[in-house]
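Let me begin by presenting the structure, written as structure tokens, before commenting on it.
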Amino acid sequence: LRARDPALDGAGRRLAFVASRRGISALYVAALRLEREGPGLPPRVVLGRPIRLFAAEGTEIDRPALSQDGRHLAVALHESRGRHIALFDLAGLTLPPPVVRIHPGATECLAAAPEACRLDPEPPDAGTVRRATPQRIDAGPWDASDPAFDPSGRWLYFTSARSGIYDLYAWPLAGGTLRRLTRVRTGAFEPRPAGDGRLLYVGYHAEGYDLYLLEGVDPAAAPPAEAPQRRAEPSFAPRNATLYPVVPYSPWPSLRPYHWIPLAGADASGLTLGAMSAGADLLGRHQWSAAAWLGIASGEPGYSAGYTYRGLSPTLRLYSGRSFDRVGPPVHVREGRRLPYFESSWRAGFEVTFPTPGIRRGKDLSLGFAVDHRAPRSVIAPFDPLEPTPRLPERGTVTRVSARWAISTVHGHAETTSATEGARLSLTARVASRLFGGDFDYVELFATATGFAALPWHPAHVLALRVQGGLGTGDFGGRRLFGVGGLRFDDPVRALIEGSRFGGATVRGFPPFVRLGDGYFAANLEYRFPLFTPDFGFDFLPFFIRQVHGALFADVGSAGDPPFDLDGPPAFGLGAELRVDIVLSYYLQVRLRAGYAVGFGEGAAPGPFLGFGGSF
Numbered sequence: 002l003r004a005r006d007p008a009l010d011g012a013g014r015r016l017a018f019v020a021s022r023r024g025i026s027a028l029y030v031a032a033l034r035l036e037r038e039g040p041g042l043p044p045r046v047v048l049g050r051p052i053r054l055f056a057a058e059g060t061e062i063d064r065p066a067l068s069q070d071g072r073h074l075a076v077a078l079h080e081s082r083g084r085h086i087a088l089f090d091l092a093g094l095t096l097p098p099p100v101v102r103i104h105p106g107a108t109e110c111l112a113a114a115p116e117a118c119r120l121d122p123e124p125p126d127a128g129t130v131r132r133a134t135p136q137r138i139d140a141g142p143w144d145a146s147d148p149a150f151d152p153s154g155r156w157l158y159f160t161s162a163r164s165g166i167y168d169l170y171a172w173p174l175a176g177g178t179l180r181r182l183t184r185v186r187t188g189a190f191e192p193r194p195a196g197d198g199r200l201l202y203v204g205y206h207a208e209g210y211d212l213y214l215l216e217g218v219d220p221a222a223a224p225p226a227e228a229p230q231r232r233a234e235p236s237f238a239p240r241n242a243t244l245y246p247v248v249p250y251s252p253w254p255s256l257r258p259y260h261w262i263p264l265a266g267a268d269a270s271g272l273t274l275g276a277m278s279a280g281a282d283l284l285g286r287h288q289w290s291a292a293a294w295l296g297i298a299s300g301e302p303g304y305s306a307g308y309t310y311r312g313l314s315p316t317l318r319l320y321s322g323r324s325f326d327r328v329g330p331p332v333h334v335r336e337g338r339r340l341p342y343f344e345s346s347w348r349a350g351f352e353v354t355f356p357t358p359g360i361r362r363g364k365d366l367s368l369g370f371a372v373d374h375r376a377p378r379s380v381i382a383p384f385d386p387l388e389p390t391p392r393l394p395e396r397g398t399v400t401r402v403s404a405r406w407a408i409s410t411v412h413g414h415a416e417t418t419s420a421t422e423g424a425r426l427s428l429t430a431r432v433a434s435r436l437f438g439g440d441f442d443y444v445e446l447f448a449t450a451t452g453f454a455a456l457p458w459h460p461a462h463v464l465a466l467r468v469q470g471g472l473g474t475g476d477f478g479g480r481r482l483f484g485v486g487g488l489r490f491d492d493p494v495r496a497l498i499e500g501s502r503f504g505g506a507t508v509r510g511f512p513p514f515v516r517l518g519d520g521y522f523a524a525n526l527e528y529r530f531p532l533f534t535p536d537f538g539f540d541f542l543p544f545f546i547r548q549v550h551g552a553l554f555a556d557v558g559s560a561g562d563p564p565f566d567l568d569g570p571p572a573f574g575l576g577a578e579l580r581v582d583i584v585l586s587y588y589l590q591v592r593l594r595a596g597y598a599v600g601f602g603e604g605a606a607p608g609p610f611l612g613f614g615g616s617f
């Protein structure tokens with residue numbers, strides 16, 4: 002229950018307010034009194050059981066006003082046909098006596114102790130509900146609001162746009178003709194009569210709002226209000242049907258590619274170069290992206306393509322791609338040398354997401370299916386017969402289903418470079434099976450928890466923490482299910498479009514997948530801070546620099562076979578990043594990252610790195 006807009010009568014014995022629950026507004030009236038307990042002590046507010054006067058689904062109530070004698074109550078009602086003034090006659094209404102004690106020190110019940118003043122929108126006592134029918138004043142397809150009674154109790158003042166301009170009007174409570182008090186050009190609002198011929202109101206002009214005072218105001222001598230001006234129905238017919246024909250909406254003209262962007266990334270052997278393009282329709286229902294690249298050192302081609310449809314309540318995403326990957330464990334050859342094993346991955350799948358948005362908390366459930374074909378791309382040297390023969394990863398196809406549930410209270414601000422508060426938790430399960438047509442059977446379960454906190458010395462300086470871990474079991478053709486290591490990009494297009502990084506748990510300062518196993522853990526701690534905001538573009542070029550910010554980070558993680566057989570000691574990484582937020586092609590927001598990381602542990606590879614998208 003949320004209570005708002007309190008109003009008192011002249012004697013302070015009646016309280017009117019509006020309370021909302023489950024999207025329905027209700028108007029309440031209650032008796033009250035103040036008890037003095039001693040000199041110098043604040044009064045106690047004593048409130049009787051509220052009476053609900055009016056409530057209607059689809060009707061919003063605001064700005065209640067009580068007359069000085071408490072015999073009349075006026076509110077503004079928002080209904081489908083407009084907003085108008087509703088007048089209630091309280092002369093014959095008997096209120097339950099004040100019996101509820103409120104926290105001492107309160108001057109208004111609802112402001113002092115919300116828990117003590119909790120009001121039931123459906124009181125159990127049927128005698129406390131009155132289905133009052135109001136008198137509607139100035140009802141029509143225009144806006145009327147801001148009711149106020151004059152101290153004499155003869156007139157009800159309010160604001161109305163019945164003439165097309167907001168002006169002040171007065172209605173005689175004894176019955177009669179509606180009177181127009183002002184005739185302004187830019188609007189008059191919130192009348193406050195003093196009772197001695199003076200009227201204070203808020204007026205609007207070119208420089209904003211100001212207070213105005215009218216003297217010698219006599220509503221009885223004011224001219225009657227003219228008949229309301231009916232607004233002409235707008236015409237939606239084009240002025241020139243030849244130049245501007247009216248046709249059913251089609252997303253295809255705006256979906257075609259209008260730009261391309263050069264793309265630099267990395268595969269298992271090093272640098273890749275390529276290009277990408279993306280597009281969306283005008284209504285935001287359809288979105289697509291595509292990219293193709295070639296490995297400079299590996300000579301391996303790759304691509305990524307995706308399509309998202311947001312026209313339904315669940316969001317549908319289709320994707321496909323090819324990548325060149327390094328998997329392990331490495332193959333042992335003569336003299337103890339270790340030869341990495343490379344393979345290609347052809348994948349396609351779909352994902353359906355059911356979001357449950359909220360103001361402070363959001364949840365979503367995603368269900369998906371994917372097909373991933375793995376094929377060897379390495380030439381294996383002869384094995385030393387005196388050493389154990391390793392098991393090479395098998396060629397085959399993975400078919401798996403997945404489910405992910407996430408809940409988030411993460412929030413940020415428009416001028417900050419990171420989320421500044423809240424937490425996020427996601428739980429994921431993946432099941433691959435020959436029953437789905439594949440060649441492998443395994444199960445993966447993993448979870449990720451992320452938290453953000455603004456630091457006390459600056460609201461834009463943020464401490465971010467991510468902790469993740471997972472376990473798996475089954476046969477993946479000699480491969481391990483999880484890997485921990487440095488930055489790796491399986492899907493650069495999705496990383497650019499959605500600002501996310503993919504490719505396993507990250508410990509910067511190491512090669513990708515330096516630790517492998519059927520279980521893993523990783524933690525990342527970042528101190529994020531803004532540097533400056535250029536907001537700078539180059540003439541008409543589709544390249545705009547928004548913000549430059551930095552981060553100091555510490556990473557730790559490892560992988561191994563459950564329960565405690567780790568693939569080497571945990572990997573630690575420390576370093577710093579410089580991040581630049583840019584806008585490409587006038588709408589595509591991209592985060593570029595350049596940093597330096599130092600790794601501590603077996604397999605460390607300290608040095609600079611480049612990337613794009615968010616870290617987490």
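Using the working numbering, you'd call the opening residue of the sequence shown number 2 and step up by one each time. Using N, Cα and C, we set each Cβ at its ideal position, and we do this for glycine too.
Under a three-way DSSP split, which group does residue i fall into?
i	result
Pro252	coil
Arg181	strand
Ala8	strand
Phe437	helix
Pro220	helix
Tyr210	strand
Tyr304	strand
Ile583	strand
Thr243	coil
Val508	coil
His414	coil
Ser26	strand
Phe539	coil
Ser164	coil
Arg502	With a pLDDT of 42 at Arg502, under the threshold of 50, the predicted position of this residue should be treated as unreliable, though the coordinate-derived value follows. Three-state result, Arg502: coil.
Phe610	strand
Ala145	strand
Ala175	coil
Ser346	strand
Gly296	strand
Asp476	strand
Glu58	coil
Pro98	coil
Asp63	strand
Asp151	coil
Ser1	It is not possible to answer for residue 1, since the shown part of the chain is limited to 2 through 617.
Glu578	strand
Leu283	coil
Going by the C-beta, is residue i closer than 8 Å to any heavy atom of the ligand HEM?
i	result
Arg186	As far as ligands go, the structure on display features none, and thus does not contain the ligand HEM.
Residue i bridges to which residues according to DSSP?
i	result
Val557	Ala524 and Phe573
Thr134	Paired residues: none, contrary to the question.
Gln69	Beta-bridge pairing links Gln69 to no other residue.
Pro194	Leu200
Trp261	Bridge partners of Trp261: none, in fact.
Glu227	Answer is none; Glu227 lacks a bridge partner.
Leu667	Any property of residue 667 remains undetermined from this structure, which presents the chain solely from 2 to 617.
Arg84	His79 and Asp144
Val19	Arg5 and Leu28
Whole-angstrom Cβ separation of residue i and residue j, contact assumed at under 8 Å?
i	j	result
Gly471	Phe447	3 Å
Met277	Trp261	7 Å
Ala8	Leu28	Rounded, the Cβ-Cβ distance is 10 Å, inconsistent with contact.
Arg184	Tyr170	The pair is not a contact, with the Cβ atoms about 11 Å apart (cut-off 8 Å).
Gly618	Gly204	This structure gives no information on residue 618, because the portion of the chain shown stretches from 2 to 617.
Arg64	Leu91	Going by Cβ atoms, the distance from Arg64 to Leu91 rounds to 17 Å, so no, they are not a contact pair.
Phe370	Val328	Their Cβ separation, rounded to whole angstroms, is 23 Å, which puts Phe370 and Val328 out of contact at 8 Å.
Phe453	Val508	At roughly 21 Å, the Cβ-Cβ gap does not stay under 8 Å, so Phe453 and Val508 are not in contact.
Ala66	Phe150	6 Å
Gly59	Ser81	7 Å
Gly576	Ala598	3 Å
Using a Cβ cut-off of 9 Å (strictly closer), state whether residue i contacts chain D.
i	result
Gly141	Among the chains of the structure shown, chain D does not appear; only one protein chain is present.
(request) Could you tell me whether the region 535–551 touches the region 560–572, where touching means 3 or more Cβ pairs closer than 8 Å? (result) no
(message) When you compare the region 519–526 with the region 457–468, are there three or more beta-carbon pairs, one atom per stretch, that lie closer than 8 Å?
(response) yes
(request) Counting only runs of 3+ residues fully inside the region 419–469, write out the beta strand (DSSP E) ranges in chain order. (result) 422–433 and 442–456
(message) Any contact between the region 343–351 and the region 372–381? By contact I mean 3 or more CB pairs, one from each, below 8 Å.
(response) yes
(request) Tell me, please, whether the region 350–357 touches the region 308–318 by the rule of three or more beta-carbon pairs shorter than 8 Å. (result) yes
(message) When you compare the region 210–225 with the region 253–267, are there three or more beta-carbon pairs, one atom per stretch, that lie closer than 8 Å?
(response) no
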